[in-house]
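Student: Listed in order, the protein sequences are those of chains A and B. Anchor point for the first sequence: position 63 equals 62 in numbering that gives the first Met the number 0, and the numbering is continuous, going up by one each time. Anchor point for the second sequence: position 74 equals 73 in numbering that gives the first Met the number 0, and the numbering is continuous, going up by one each time. C-beta atoms are modelled at their ideal positions from N, C-alpha and C, and glycine is treated no differently.
There are 2 protein chains.
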Amino acid sequence: MNLGELEKLVLKYFWQVKEADAKEVHSYFEKQRGGTLNTIQSTLDRLFKKGLLSRDKQGHAFQYRAAKQRKAFIGQLIKDITQDFTIGDEDSLLTAFVSLSSELNEGQMDVLEKMIQDYRSKVSKEEKV
Amino acid sequence: MNLGELEKLVLKYFWQVKEADAKEVHSYFEKQRGGTLNTIQSTLDRLFKKGLLSRDKQGHAFQYRAAKQRKAFIGQLIKDITQDFTIGDEDSLLTAFVSLSSELNEGQMDVLEKMIQDYRSKVSKEEKV
DNA sequence: TCAAATACCGATTGACAGTCGGTTTTTCAT
DNA sequence: ATGAAAAACCGACTGTCAATCGGTATTTGA
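#1: Is the beta carbon of Ile-115 (chain B) closer than 9 Å to that of Ser-100 (chain A)?
#2: Which residue wins for smallest C-alpha separation from Gln-57 (chain A), given the options A:Ala-19, A:Gly-106, A:Asp-117?
#3: Nearest-angstrom Cα distance between Lys-48 (chain B) and Ala-66 (chain B)?
#4: Just the chain B side, please: which residues come within less than 7 Å of Thr-42 (chain A) by C-beta, in chain order?
#5: Are the CB atoms of Glu-4 (chain A) and Leu-46 (chain A) nearer to each other than 9 Å?
#6: Taking only three categories from DSSP, how would you classify Lys-11 (chain A)?
#7: With distances taken from CA atoms, which of A:Leu-103, A:Ser-91, A:Leu-111 is nearest Val-122 (chain B)?
#8: For a contact defined as C-beta to C-beta under 8 Å, what are the partners of Met-108 (chain A) on chain B?
#9: DSSP on Lys-67 (chain A), reduced to helix/strand/coil?
#10: Under 7 Å Cβ to Cβ from His-25 (chain A), same chain only, skipping five residues before and after it: list those, please.
#11: Straight-line CA distance for Ser-41 (chain B) to Val-9 (chain B)?
#12: Going along chain B in order, which residues have a C-beta closer than 7 Å to the C-beta of Ser-123 (chain A)?
#13: Answer yes or no: does any C-beta atom of chain B fall closer than 9 Å to that of Leu-5 (chain A)?
Structural data, given as structure tokens:
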């Protein structure tokens, strides 16, 4: 999945705004970068066709919203690009982690460890159900 | 950093082969996908100009090799794409981890935890020096 | 029903990878 | 030193894709 600059901005927008139509998106971006309503519309349409936005018509215009949660989207993205550089039966997800970890500092490591603990306690809770 | 399909293959090649000239790379890829020596040469040149391969002339031809270790390269790549989707002062590296973690299973979690322990022991060793 | 709002279509531009022919430059053996 | 062979370099063309936007068709609500 290869996204253009405007496409990325628009996606990011929808992770903060939940729902908007072309006009609203346009008025938001007009200030910071210009461009016509049409440009925004075709960008929204492109993202829709790529499955990254969903939409349905309410009254006048399509209401767009993010089709995937940010976390899931970024996770998939990372998995995809890592896949391109993994060899054979290698675990691309772990490769990604290992690659990332080489850039971590102490504090970030703490957060990561806490994250694992949270995950484990969540899992053990689910097992009891 | 946006790479083409052949560029990715060539990079991957150099993480396994250490060093090679255009002719060797070409003879390797010829079997699996065709293409002339010239195509390989310009791809090598492009990767060199992007700073992803280094080269120096030894006798006849340039000897190319990967300019970055795979781990560092993938780490940087992930950081970059995550950056595109982080907001404000958010820690893009941690965002990447959190996004990835949502796709981890138990066994992968174990490996990750072990990785952190290794890192910590390495750090404490360095502190003693 | 009709004017305004919106969606859709299609053309153009600009990047950039892939491809390769042809020319220049380099190199080594004689 | 020099000439053939090897390699590098240059430039052109193609295909793909995002961005852009004008113009037309369609939809909607007053």
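Tutor: This is what the structure holds:
#1: With contacts defined as CB atoms closer than 9 Å, Ser-100 (chain A) and Ile-115 (chain B) qualify as a contacting pair.
#2: Taking only the C-alpha atoms, the option nearest Gln-57 (chain A) is A:Ala-19.
#3: Taking the straight line from one Cα to the other gives about 11 Å.
#4: Against chain B, the beta carbon of Thr-42 (chain A) has no neighbour under 7 Å; the closest one sits roughly 15 Å away.
#5: Taking a C-beta distance under 9 Å as the contact criterion, Glu-4 (chain A) and Leu-46 (chain A) do not qualify as a contact pair.
#6: It is helical.
#7: Residue A:Leu-103 is the option with its Cα nearest to Val-122 (chain B).
#8: Residues of chain B whose Cβ lies closer than 8 Å to the Cβ of Met-108 (chain A) are, in chain order, Ile-115, Tyr-118, Arg-119.
#9: Lys-67 (chain A): coil per DSSP, three-state reduction.
#10: Cβ within range, chain order: Leu-36, Ile-39.
#11: Taking the straight line from one Cα to the other gives about 12 Å.
#12: Against chain B, a Cβ distance below 7 Å from Ser-123 (chain A) picks out nothing, because the smallest value is about 11 Å.
#13: Closer than 9 Å to the CB of Leu-5 (chain A) there is not a single CB belonging to chain B.
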